[in-house]
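Enquirer: For the sequence shown, the positions run 2 to 175 when our numbering is used.
Here a beta-carbon is modelled for each residue, glycine too, at the ideal position from N, C-alpha and C.
Sharing a structure here in structure tokens format.
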Amino acid sequence: MNPVLAAIRSRRVVRAMSDRPVSRADLETILDAGRWAPSAGNRHLQRFVATDHPGTLHVLRMVSPGMIARPTAAIVICTDRALAADFGFRPDVPGPWIDVGTAAATLMLAAHAIGVGAGPVTSFSKAAVAAALHLPDGLRPDMIVCLGYPATGGPAPIRRGRRLSWRDLTTFVP
Ligand SMILES: Cc1cc2nc3c(=O)[nH]c(=O)nc-3n(C[C@H](O)[C@H](O)[C@H](O)COP(=O)(O)O)c2cc1C
């Protein structure tokens, strides 16, 4: 199978992570991949705030009910709302939100490619995360990508019935 297609298929959200810190080189490789994510109008309104500091990660976990993993690094995908306004994006348009998803998918696939487990979290207090990371006004934290080397055991994956086939998900139209 084509290696990119194989990686897309084999990537899973990782929630069981070892204590071994994610190396700075691996973190930088993942961050470098993130800048290749497609974005609305090629505006790149997202900014990545990364941390591998145990104390900061602890605070992030405390304010993030959705963070089941104990990551040794995290990348917080933020949207620069001031930059979005400068480009004429109205606050309610979907493009910048969708960009958060393309960035997250790219970061997680890159992590998987180099043997780092990754999992997204959107269930967190934006105000608390912004305070913990000392984010400047206008930088809105939208998603946390947890990172860590995969460990055995830990929480079971969330499964909702069988995996849907492409036919389940697709309608061809003339
Ligand atoms: C927008 C979005 C938000 C998510 N938020 C969380 C979260 O807060 N906590 C969590 O453990 N997983 C979260 N997930 C991960 C999903 O639960 C996961 O993608 C799903 O279980 C499928 O897992 P798989 O990618 O390994 O097949 C989120 C995924 C997406 C796309």
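Within this structure, are the beta carbons of residue 140 and residue 48 separated by less than 8 Å?
Expert: Yes, they are a contact pair.
Enquirer: Check whether the segment 116-126 and the segment 135-152 touch, using three or more Cβ-Cβ pairs below 8 Å as the test.
Expert: Cβ pair count under 8 Å is three or more, so yes.
Enquirer: Give a single yes or no on whether residue 120 has its beta carbon closer than 7 Å to a heavy atom of ligand 1.
Expert: Indeed, a heavy atom of ligand 1 lies less than 7 Å from the Cβ.
Enquirer: If you run the structure through DSSP and keep just helix, strand and coil, what is residue 144?
Expert: In this structure, residue 144 counts as strand in the three-state DSSP scheme.
Enquirer: Whole beta strand (DSSP E) runs in the segment 21-82 with 3 or more residues, listed along the chain?
Expert: DSSP runs (the beta strand (DSSP E)) wholly in the segment 21-82: 47-52 and 74-81.
Enquirer: Please state whether the Cβ-Cβ distance between residue 31 and residue 112 is less than 8 Å.
Expert: The answer is yes: Cβ separation under 8 Å.
Enquirer: Quick check on the DSSP output: the alpha helix (DSSP H) that includes residue 4 runs from which residue to which?
Expert: 4-11 is the span of the alpha helix (DSSP H), which, as asked, contains residue 4.
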